[in-house]
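Its first residue numbered 7, the sequence shown is counted upward by one per residue in this note's numbering.
What follows is a short report on a single structure.
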Amino acid sequence: MKILLTNWINICGLFITTFFTCVIISLNSDSSPNFIQAILASLFSVCLYGMIFWGLFVVLIVFLDLILVVYNQNYLTLKLLIEWFLISSPFVYWFFKYNEWIFAVVVASFLITQLMRKRLIVKVIGA
Numbered sequence: 007m008k009i010l011l012t013n014w015i016n017i018c019g020l021f022i023t024t025f026f027t028c029v030i031i032s033l034n035s036d037s038s039p040n041f042i043q044a045i046l047a048s049l050f051s052v053c054l055y056g057m058i059f060w061g062l063f064v065v066l067i068v069f070l071d072l073i074l075v076v077y078n079q080n081y082l083t084l085k086l087l088i089e090w091f092l093i094s095s096p097f098v099y100w101f102f103k104y105n106e107w108i109f110a111v112v113v114a115s116f117l118i119t120q121l122m123r124k125r126l127i128v129k130v131i132g133a
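Below, the structure written as structure tokens:
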């Protein structure tokens, strides 16, 4: 079950990249004329507006970990890529439908954190 605790890397990585992307988008738009307002608006967007996303993301990643990874760690890279594909599919669709770059950033960030998480899982299994 220690494998489930490695999900912190996904949550932190997605939060940080989503936050910084929102700050950049806010600064480039006319809605936030100064830096402090862009930071506060981005924090509000990521934490409160994205609350449904965060809840569903955590539930889904834990569910897929229980099904794919926890009881059998063979083909770990493939299983983590399957998790990434299943969770990222709606974001790829939304990227093409709405042409919002935040969705592409989320997909790329989640892939990077999944690959970072693989090293952490291997370390937890070996310990």
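For every residue, glycine included, the Cβ atom is placed at its ideal position computed from N, Cα and C.
Quick caveat: nothing in here was measured; it's all calculated off a predicted structure.
Simplified DSSP assignment, three categories, for residue i
{"i": "K8", "result": "coil"}
{"i": "N40", "result": "coil"}
{"i": "S35", "result": "coil"}
Local Cβ density within 10 Å of residue i, reported as buried at 16 or more and exposed below that
{"i": "T119", "result": "buried"}
{"i": "R123", "result": "buried"}
{"i": "I42", "result": "exposed"}
{"i": "F113", "result": "Inspection of the sequence shows that residue 113 is occupied by Val rather than by Phe. With 16 or more Cβ atoms within 10 Å of its Cβ, V113 is classed as buried."}
{"i": "F102", "result": "exposed"}
{"i": "K85", "result": "buried"}
Contact under 8 Å by Cβ, residue i with residue j
{"i": "V52", "j": "F21", "result": "yes"}
{"i": "Q79", "j": "I131", "result": "yes"}
{"i": "S48", "j": "V76", "result": "no"}
{"i": "T27", "j": "V98", "result": "no"}
{"i": "T12", "j": "L126", "result": "yes"}
{"i": "I88", "j": "L74", "result": "yes"}
Selected residue, minimal CA-CA separation from residue i, among the options
{"i": "L115", "options": "G132, F91, Y81, Y77", "result": "Per the sequence presented here, residue 115 reads as Ser, with Leu not at that position. Closest by alpha carbon: F91."}
{"i": "F50", "options": "D36, V65, F63, S32", "result": "S32"}
{"i": "L54", "options": "N40, F25, L10", "result": "F25"}
{"i": "I9", "options": "L82, F109, S95, S35", "result": "L82"}
{"i": "C18", "options": "V64, L70, P39, I108", "result": "V64"}
{"i": "L62", "options": "E106, I93, I45, I108", "result": "I93"}
{"i": "F109", "options": "L46, F59, S35, P39", "result": "F59"}
Whole beta strand (DSSP E) runs in the stretch 51-111 with 3 or more residues, listed along the chain? If we require 3 residues or more, the stretch 51-111 turns out to have no beta strand (DSSP E) run fully inside it.
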